[in-house]
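Asker: This structure is in structure tokens; I'll ask about it shortly.
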Amino acid sequence: MLAQQRLDFEYRPMTAADVGNAHELSIALKWPHRLEDWAMLQRVAQGFVAVHNGRLVGSAFACHQGEFSTIGLVIVSDDYQGKGIGRKLMELAISSVPPRTAVLNATLAGAPLYEKLGFVSFGEVQQRQGQAQPPGVTALKAEENCRALTEADHARVLELANAGSGMDRSVTLGDVLKDLEHAVGIEHNGQLQAFALLRPFGRGLCIGPVVAQTVEQARHMIEQLLAKVPYAFVRIDIPTDCGLADWLEEAGLKRVDSVTCMSMGAVPQPSQGVRQFALITQAIG
1 MLAQQRLDFE
11 YRPMTAADVG
21 NAHELSIALK
31 WPHRLEDWAM
41 LQRVAQGFVA
51 VHNGRLVGSA
61 FACHQGEFST
71 IGLVIVSDDY
81 QGKGIGRKLM
91 ELAISSVPPR
101 TAVLNATLAG
111 APLYEKLGFV
121 SFGEVQQRQG
131 QAQPPGVTAL
141 KAEENCRALT
151 EADHARVLEL
161 ANAGSGMDRS
171 VTLGDVLKDL
181 EHAVGIEHNG
191 QLQAFALLRP
201 FGRGLCIGPV
211 VAQTVEQARH
221 MIEQLLAKVP
231 YAFVRIDIPT
241 DCGLADWLEE
251 AGLKRVDSVT
261 CMSMGAVPQP
271 SQGVRQFALI
281 TQAIG
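At position 107 of the sequence shown (counting the first as 1) the number is 107 in UniProt numbering, and the numbers step up by one without a gap.
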């Protein structure tokens, strides 16, 4: 009977017309993604869906970013668990990756499947959120200056985003930059060396990506962004080892979840003396 049920499933590429039904999958899981968040990922990534009797019952994305592809929003409806749908969607996503290397951020529930498929853990990301109250202002060096970013800065922002993440952000960041609440950066002797973005996402606003040379730069920019949106609900996803966790906890952005960073090969490496202190999203990295 199960074999017959499997034969009834249709697996195909996701289209823009599927976004609404895919959004219903995340609503059922009580994930915070808005319809607009799904639409953004559908624009910048390669999506796959599982359909049964006309109903969309599963999804997965592979977001190709240079030498790496991030896999995310792997969801199977509760009514269809245990039928191999998640594994099939993962196989489709993985098959779209070569010659790139697949990486992902795994939930506790998803990690066992990803290990069976050949993924190996290499780090952890914390989801933090709340109404932040920064404890103070982190000082910058005398030669550093924090300012609002403009469209003229976008080329340099992309260069920093690529260096900080170890991935090619040209498509993903190009989309993110079209829908911002605020953007700030730090100049060192007139050259932009760090940036942080605040944008609509989920239940409120999201800070990310944040790319900087030092923890102090990252903290200062986050403080500047939070000061612009008092009382707002803010989310930020950070690498656990980035040095911000305790400070964010004190500032009111509480840890509510964590995911495991996994790869099927090489691991993205930062360069040019900067690193990523906050992700774009867990699905994109």
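Each residue gets a CB set at the ideal place from its N, CA and C atoms; glycine is no exception.
Quick check: the segment 226 to 240 against the segment 57 to 67, are at least 3 beta-carbon pairs closer than 8 Å?
Answerer: Three or more Cβ pairs closer than 8 Å define a contact, and the segment 57 to 67 falls short of that threshold against the segment 226 to 240.
Asker: Cutting at 7 Å between CB atoms, please list the residues of its own chain near Asp-78, excluding the five before and the five after it.
Answerer: On the sequence shown, position 78 is the one that residue 78 refers to. Excluding residues within five positions, the ones whose Cβ falls inside 7 Å are Ala-28.
Asker: Report the CB separation of Val-51 from Val-44 in whole angstroms; it is logged as a contact under 8 Å.
Answerer: Looking up residue 51 in the sequence shown gives position 51. Looking up residue 44 in the sequence shown gives position 44. Rounded, the Cβ-Cβ distance is 23 Å, inconsistent with contact.
Asker: With the cut-off set at 8 Å, would you say Val-211 and Phe-201 are in Cβ contact?
Answerer: Residue numbering aside, residue 211 sits at position 211 when the sequence shown is read from its first letter. Residue numbering aside, residue 201 sits at position 201 when the sequence shown is read from its first letter. No.
Asker: Is it buried or exposed, Phe-122, if we count other Cβ atoms within 10 angstroms and call 16 or more buried?
Answerer: Residue mapping note: residue 122 aligns to position 122 of the sequence shown, counting from 1. Under this definition Phe-122 is an exposed residue.
Asker: With DSSP as the reference, label Met-167 as helix, strand or coil.
Answerer: Walking along the sequence shown from the start, residue 167 turns up at place 167. In the structure shown, Met-167 sits in coil (DSSP, three-state: anything other than H, G, I, E or B).
Asker: For the beta strand (DSSP E) containing Glu-187, list its first residue and its last residue.
Answerer: Here residue 187 is taken as the residue at index 187 of the sequence shown, counted from 1. Counting along the chain, the beta strand (DSSP E) containing Glu-187 begins and ends at 182 to 188.
Asker: Go through its chain and collect everything with a Cβ distance to Ser-271's Cβ below 6 Å, but skip five positions before and after it.
Answerer: Within the sequence shown, the letter at position 271 stands for residue 271. Ala-163.
Asker: Check His-33 in the structure and name its three-state DSSP category.
Answerer: For the purposes of this step, residue 33 is taken as the residue at position 33 of the sequence shown. Here His-33 sits in coil by DSSP.
Asker: Return the residue from the list Phe-61, Cys-261, Gly-273, Ser-165 that minimises the CA-CA distance to Glu-124.
Answerer: Counted from its first residue, the sequence shown places residue 124 at position 124. From the listed residues Phe-61, Cys-261, Gly-273, Ser-165, the smallest Cα separation to Glu-124 is found for Cys-261.
Asker: Within the chosen definition, does the segment 238 to 254 reach the segment 159 to 179 through at least 3 CB pairs nearer than 8 Å?
Answerer: no
Asker: Taking C-beta to C-beta, are Leu-205 and Val-184 nearer than 8 Å?
Answerer: To locate residue 205, count along the sequence shown from 1; it is residue 205. To locate residue 184, count along the sequence shown from 1; it is residue 184. Going by C-beta atoms, Leu-205 is not nearer than 8 Å to Val-184.
Asker: From the DSSP output, in three-state form, read off Leu-226 for me.
Answerer: Your numbering for residue 226 matches position 226 in the sequence shown. Leu-226 falls in the helix class under three-state DSSP.
Asker: Using DSSP bridges, identify the partner residues of Thr-107.
Answerer: Position 107 of the sequence shown, counting from 1, holds the residue named residue 107. Thr-107 is not bridged by DSSP to any residue.
Asker: Taking C-alpha atoms, which residue in Thr-101, Met-14, Arg-203, Thr-70 lies nearest to Trp-31?
Answerer: In the sequence shown, residue 31 corresponds to position 31, counting from 1. The candidate whose alpha carbon is nearest that of Trp-31 is Arg-203.
Asker: Return the CA-CA distance between Lys-141 and Ala-93, expressed in angstroms with no decimal places.
Answerer: As a first step, residue 141 must be located in the sequence shown, where it is residue number 141. As a first step, residue 93 must be located in the sequence shown, where it is residue number 93. For Lys-141 and Ala-93, the distance between alpha carbons rounds to 45 Å.
Asker: Between Glu-223 and the rest of its own chain, which residues show a CB-CB distance below 7 Å, the 5 nearest in sequence each way excluded?
Answerer: What you label residue 223 is simply residue 223 of the sequence shown in a count that begins at 1. Contacts found: Pro-134, Val-137, Thr-138.
Asker: CB-CB under 8 Å to Ala-39, same chain, minus the five flanking residues each way: which ones, in chain order?
Answerer: On the sequence shown, position 39 is the one that residue 39 refers to. Excluding sequence neighbours, Ala-39 sits near Ala-16, Val-19.
Asker: By how many angstroms is the C-alpha of Lys-83 removed from the C-alpha of Gly-54?
Answerer: On the sequence shown, residue 54 is found 54 positions in, with the first residue counted as 1. On the sequence shown, residue 83 is found 83 positions in, with the first residue counted as 1. Across the structure, Gly-54 and Lys-83 are spaced so that their CA atoms are roughly 17 Å apart.
Asker: Three-state secondary structure (DSSP) at Ala-161?
Answerer: Locating residue 161 in the sequence shown gives position 161, counting from the first residue. Three-state DSSP puts Ala-161 in a helix.
Asker: Using only the alpha-carbon positions, how far apart do Gly-118 and Glu-91 sit?
Answerer: Residue 118 sits at position 118 when you count from the first residue of the sequence shown. Residue 91 sits at position 91 when you count from the first residue of the sequence shown. Rounded to the nearest angstrom, the two C-alpha atoms are 11 Å apart.
Asker: Using only alpha-carbon positions, find the residue among Leu-177, Pro-13, Met-264, Gln-217 that is nearest to Asp-153.
Answerer: Start at 1 with the first residue of the sequence shown, and residue 153 comes out as number 153. Of the listed residues, the one whose Cα sits closest to Asp-153 is Leu-177.
Asker: Can you tell me whether Gln-5 is helix, strand or coil according to DSSP?
Answerer: The residue given as residue 5 occupies position 5 in the sequence shown. The pLDDT assigned to Gln-5 is 44, lower than 50, so where the model puts this residue is not dependable, and the model offers no usable value.
Asker: Leu-140 lies in the alpha helix (DSSP H); which residues open and close that run?
Answerer: Position 140 of the sequence shown, counting from 1, holds the residue named residue 140. Element bounds for Leu-140: n/a, residue is neither H nor E.
Asker: Can you tell me whether Glu-144 is helix, strand or coil according to DSSP?
Answerer: Start at 1 with the first residue of the sequence shown, and residue 144 comes out as number 144. Strand at Glu-144.
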